[in-house]
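Q: Encoded as structure tokens, here's the structure I'll be asking about.
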Amino acid sequence: MGNFLSPAAWARVIPFALFMVFLAVRGQFSVEAGETDNLPFDARWIYAVSVVVVSASLVWFWRRYGELRQWGLSLGQVLLSVLVGVVVFVLWTRLTAPWMMLGEASAGFVPVDANGDLMWTLIAFRWVGAALMVPLMEELFWRGFLMRWIDNQDFDKVDPASVSIKAIALSTLVFMLAHTQWLAAIVAGLAYAWLYKRTRSLWAPVLAHAVTNGVLGVWVILNGYWAFW
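Each residue of the sequence shown is one higher than the one before, counting from 4 in the working numbering.
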């Protein structure tokens, strides 16, 4: 087991694992508006803490993210990534039929106070986490690490353009299991994997993922569709 995960692998696994731990902790409490199980603090702020901690871990390990040292995207690739991000957003908000869901969707994060007013500081943490931190953390893990690791445990030696269909399928399957909207997650996972394979730059799926989550966040805030958050 000593060589099971390299230092480079741990640099991608640890931020993701930290995020999942915070997610599990939040799941132990009712974090809908005004319902915090009589805790001495508002459990919704656990997400804000997770943004700070996970972001700090990404900064700590930054020197190990060789695939992010250079931007490497042409204008055409940037536009393609933005387009993919928007398309995934549109599909994410429409692939919501009951059979497309793993379990029940719930408004588990409602940044509204007891008077019904929006809590903008909480919203800011949520949006920054979803649109900036999560895309970077998740793409480093799902596509930058896991997808390539499936093909070769020396994953950082794997050219994204040569990633196998098996690696794409298996990593997308696991990605799907981490989301309630399983069909939308498959679409997103395949789209981001395709971008990485096509451009050979992890910044492409990071950008697309950021566009998806960023636009989704604005849409959620404007319409109050908290179930998508």
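Where a beta carbon is used, it is the ideal one built from N, C-alpha and C, also for glycine.
Could you tell me if Val218 is buried or exposed, where buried requires 16 or more neighbouring beta carbons within 10 angstroms of its beta carbon?
A: Along the sequence shown, one-based indexing puts residue 218 at 215. It is buried - the Cβ of Val218 has at least 16 other Cβ atoms within 10 Å.
Q: Quick check: does the Cβ of Ala134 come within less than 7 Å of any heavy atom belonging to the ligand GDP?
A: By its list of ligands, the structure shown contains no ligand whatsoever, and the ligand GDP lies outside what it can speak to.
Q: Give, in chain order, every unbroken run of the alpha helix (DSSP H) that is at least 4 residues long and sits entirely within the stretch 4–92.
A: Counting whole runs of 4 or more residues, the stretch 4–92 contains the alpha helix (DSSP H) stretches 10–30 and 48–63.
Q: To the nearest angstrom, how far is it from the Cα of Gly37 to the Cα of Leu210?
A: Working through the sequence shown from its first residue, we reach residue 37 at position 34. Working through the sequence shown from its first residue, we reach residue 210 at position 207. With a pLDDT of 47 at Gly37, under the threshold of 50, the predicted position of this residue should be treated as unreliable, and no value is reported.
Q: With distance defined between alpha-carbon atoms, name the residue in Leu180, Leu78, Val90 and Asn155 nearest to Lys169.
A: Within the sequence shown, residue 169 is the residue found at index 166, counting from 1. Looking at the Cα atoms, Asn155 is the closest of the given residues.
Q: State yes or no: is the C-beta of His212 within less than 8 Å of the C-beta of Pro163?
A: Numbered from 1 along the sequence shown, position 209 holds the residue referred to as residue 212. Numbered from 1 along the sequence shown, position 160 holds the residue referred to as residue 163. Result no, Cβ atoms of His212 and Pro163 do not sit closer than 8 Å.
Q: Alpha carbon to alpha carbon, how far is Ala172 from Ala188?
A: Counting from one through the sequence shown, the residue named residue 172 turns up at place 169. Counting from one through the sequence shown, the residue named residue 188 turns up at place 185. When rounded, the distance between both Cα atoms is 12 Å.
Q: Going by CA-CA distance only, name the one from Phe128, Leu225 and Pro114 that's closest to Met122.
A: Counting from 1 along the sequence shown, the entry for residue 122 is found at position 119. Cα-wise, what sits closest to Met122 is Pro114.
Q: Counting Cβ pairs closer than 8 Å, one from the stretch 91–101 and one from the stretch 10–18, do we hit at least three?
A: Touching, no.
Q: Rounded to whole angstroms, what is the Cα-Cα separation between Val89 and Leu193?
A: Within the sequence shown, numbered from 1, the residue matching residue 89 stands at position 86. Within the sequence shown, numbered from 1, the residue matching residue 193 stands at position 190. Distance between the alpha carbons of Val89 and Leu193: 15 Å.
Q: Hey, Val57 and Pro18 are a contact pair by Cβ (cut 8 Å); roughly how many whole angstroms apart?
A: Position 54 of the sequence shown holds residue 57. Position 15 of the sequence shown holds residue 18. Correct: roughly 5 Å between the Cβ atoms.
Q: Using only the alpha-carbon positions, how far apart do His182 and Phe158 sit?
A: Numbered from 1 along the sequence shown, position 179 holds the residue referred to as residue 182. Numbered from 1 along the sequence shown, position 155 holds the residue referred to as residue 158. Whole-angstrom Cα-Cα distance: 25 Å.
Q: Using DSSP with H/G/I as helix, E/B as strand and the rest coil, what is Val113?
A: Translated into the one-based positions of the sequence shown, residue 113 becomes position 110. Note: Val113 maps to coil in three-state DSSP.
Q: Considering just the uninterrupted stretch of the alpha helix (DSSP H) at Gly217, what are its terminal residues?
A: Along the sequence shown, read from residue 1 onward, the residue named residue 217 stands at position 214. Taken as a continuous stretch (DSSP letters only), the alpha helix (DSSP H) holding Gly217 covers Trp206 to Asn226.
Q: Measuring straight from C-alpha to C-alpha, what distance separates Tyr199 and Gly227?
A: Counted from its first residue, the sequence shown places residue 199 at position 196. Counted from its first residue, the sequence shown places residue 227 at position 224. Approximately 33 Å between the Cα atoms of the pair.
Q: Could you give the distance in angstroms between the alpha-carbon of Gly220 and the alpha-carbon of Leu125?
A: Looking up residue 220 in the sequence shown gives position 217. Looking up residue 125 in the sequence shown gives position 122. Those two C-alpha atoms are separated by around 13 Å.
Q: Since Phe25 contacts Ile49 with CB under 8 Å, what's their CB separation in whole angstroms?
A: Position 22 of the sequence shown, counting from 1, holds the residue named residue 25. Position 46 of the sequence shown, counting from 1, holds the residue named residue 49. Sure, about 6 Å apart at Cβ, within 8 Å.
Q: Which residues bound the alpha helix (DSSP H) around Trp232?
A: Translated into the one-based positions of the sequence shown, residue 232 becomes position 229. Per DSSP, Trp232 belongs to no alpha helix (DSSP H) and is neither H nor E.
Q: Could you tell me which residues DSSP puts in a beta bridge with Leu121?
A: The residue given as residue 121 occupies position 118 in the sequence shown. Answer by DSSP bridge pairing, in chain order: Val115.
Q: Could you pull the DSSP bridge partners for Met103 from this structure?
A: As a first step, residue 103 is located in the sequence shown; it is residue number 100 there, counting from the start. Note: Met103 sits in no beta bridge, so no partner.
Q: Which residues does DSSP pair with Gln184 in a beta bridge?
A: Along the sequence shown, one-based indexing puts residue 184 at 181. Its beta-bridge partners are Met104.
Q: Inspect the beta-carbon positions of Gly79 and Ser204 and report whether they are closer than 8 Å.
A: On the sequence shown, position 76 is the one that residue 79 refers to. On the sequence shown, position 201 is the one that residue 204 refers to. No, the Cβ-Cβ distance between Gly79 and Ser204 is not below 8 Å.
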